[in-house]
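Below: the structure, in C-alpha cells.
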Amino acid sequence: MLEVIFLGTGGIMPTRERNVPAIALRYNGEILLFDAGEGTVRQMNTAGLSPMKVDKIFITHFHGDHYLGLAALIQTMNLWNRERPLHIYGPKYTFEFVQNFLKTGFFRPGFDIHIHELGESRLKFNGYEVWSFGVEHGVPALGYVFKERDKRGKFLPEKLARYGLSGGPVLGKLEREGRIEWKGRIIHLEDVTGPRRRGVKVAYTGDTRPTERVRLFSEGADLLIHDATYLSPEHRGDSYHSTVGEACEVARRCSAKLLALFHRAFRYSYEEYLEGARFHCGDVNFLVPRDFDVLTHRAGKFDVRNLLEDGG
Ligand SMILES: [Zn+2]
Ligand SMILES: [Zn+2]
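When you number the sequence shown by my numbering, it's gap-free, plus one each residue, and the end is 316.
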C-alpha cells in the first residue's frame, strides 16, 4: 500500500498553518522523503514518522525552502545512533552543497552518507522505481516520479481448472519460474492469470514553470503534485513558477487522475486559493493539500484524510 503524507505544502516561507515543502511516501515499511524544508523533523514527529525509517531523500533543488531541514534531519538521525547508510539524491551541485553543511557545527555523522547527483535517471529499487527529470526553475532542478512496479495478473480459478491446477506449492513455482511442466503440458504464468496490474505512479515537479518534460514523465499518473504557486500570471511575474491554471492544463494533458496544487504562495489564504482553483481547474480532479493530509491509495484511487483533524 502506498501513502503520500504532505509534511509541508507552502511555498517560499513557512506560515502559522503551513510549513515549507516536504513530502513523505510510505511504501512497504519504508519512507521516501521528497524535499526537506526547514522544520521537517518537527513535521515528521507530528505525523508520527520516524526519520530512522528514511533511507532515501530526494531533493528537487537547492533553494532554502526545499533543503534547509536536511542538516537537522541528519543530526537527528545521528542523535538516535543511526548506523544504516543514508542516500541523498539531487541535481547538479548536490555533492558540494551537502558536503558543505556537513562540515558546520560540532558534528560529524556516525553513519555513511551517499550523495548521488542525477540528471535524467531511472533508479530501480525493490518493488519500485524513481525517475528523475530536469524542470525549468532557473537553477539546476529536478522533478521525480515514483513508479510502483507493475504486478502480475491474479490467478483465475476457471483457467487454473482448465489445466487441472487448484492451488498449492505448484503455483508458487509457476510464479517464481514463469512456467512449469504439469501433467505432461507446459503451462506459462500468463496462461492462468488475468491482465497485469499497473503499479501506482506519483509525480512531483518541485518548483517549475510549466514544461513539456513534466507532461512526458507524468503521463497517466495516479497523482501529479505540481508547482501551483500563484493564482494568476500577474502575481507570478517573471519568477520560475507555475500558476494554478497552468498546472491544471498539464494535468489535463497528461491525463493525471488527481492533481495536488502545491507550493501555494503565502499571500493566499486557503479559502481564497481554493476558490481560485475551482475557477481555473474545471473538469480536472484536484486537491489543495494542507499540511498533514495523507493520501492513501486503495482500489485504484487516493482517499484523503488529515492526521490532525482525524486524530492521527
Ligand atoms: Zn520553493
Ligand atoms: Zn525554488
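The C-beta atom is built at its ideal place from N, Cα and C for all residues, glycine as well.
Since this is a predicted model, take the numbers as computed values, not measurements.
The three-state reading of DSSP puts residue 29 in strand, counting E and B together. For residue 57, the three-state secondary structure derived from DSSP is helix.
Relative to the non-hydrogen atoms of ligand 2, the Cβ of residue 242 never comes closer than 7 Å to any of them. A distance criterion of 7 Å places the beta-carbon of residue 39 beyond contact range of ligand 2, judged by its closest non-hydrogen atom.
Residue burial annotation: residue 85 is exposed, with fewer than 16 other C-beta atoms found within 10 angstroms of its C-beta. When the five nearest sequence neighbours on each side are left out, the beta carbons in the same chain lying within less than 7 Å of the beta carbon of residue 79 are those of 111, in order along the chain.
Secondary structure of residue 309 (DSSP, three-state): strand. Residue side-chain check: residue 239 keeps its Cβ at 7 Å or more from all non-hydrogen atoms of ligand 2.
Residue 87 and residue 116 have their alpha carbons spaced roughly 8 Å apart. Annotation: residue 154 to residue 52 spans about 29 Å, alpha carbon to alpha carbon. Placement of the Cβ of residue 295 at a distance of 7 Å or more from every heavy atom of ligand 2 is found.
Taking C-alpha positions only, residue 209 is separated from residue 228 by approximately 8 Å. Remark: C-beta atoms of residue 295 and residue 11 approach each other more closely than 8 Å. Put simply, of 95, 49, 93 and 99 the residue whose alpha carbon is nearest the alpha carbon of residue 76 is 49. Beta-bridge partners of residue 298 (DSSP): 9 and 309. For residue 148, the three-state secondary structure derived from DSSP is strand. For residue 117, the enclosing beta strand (DSSP E) has its first and last residue at 117-121. Per DSSP, residue 200 lies in no alpha helix (DSSP H) segment and is marked neither H nor E. Counting the other CB atoms within 10 Å of its CB gives residue 42 a total of 16 or more, which places it among the buried residues.
Annotated three-state conformation of residue 303 is coil, per DSSP. Going down the chain, each residue whose beta-carbon is closer than 6 Å to a heavy atom of ligand 2 shows up: 65, 67, 141 and 211. DSSP places residue 292 outside both helix and strand once states are collapsed to three, so it counts as coil. For residue 264, the three-state secondary structure derived from DSSP is strand. Using a 10 angstroms sphere on the CB of residue 26, the tally of other CB atoms reaches 16 or more, which defines it as buried.
The beta carbon of residue 25 sits closer than 7 Å to at least one heavy atom of ligand 1. Excluding sequence positions up to five before and after residue 183, its CB lies within less than 8 Å of the CB of 190, 191, 192 and 193, all in the same chain and listed in chain order.
Annotation note: the segment 231-263 contains the following uninterrupted alpha helix (DSSP H) runs of length 4 or greater, listed N- to C-terminal: 237-240 and 248-257. Taking 7 Å as the cut-off, one finds at least one heavy atom of ligand 1 near enough to the beta carbon of residue 16. For residue 270, there is no enclosing beta strand (DSSP E), as DSSP marks it with neither H nor E.
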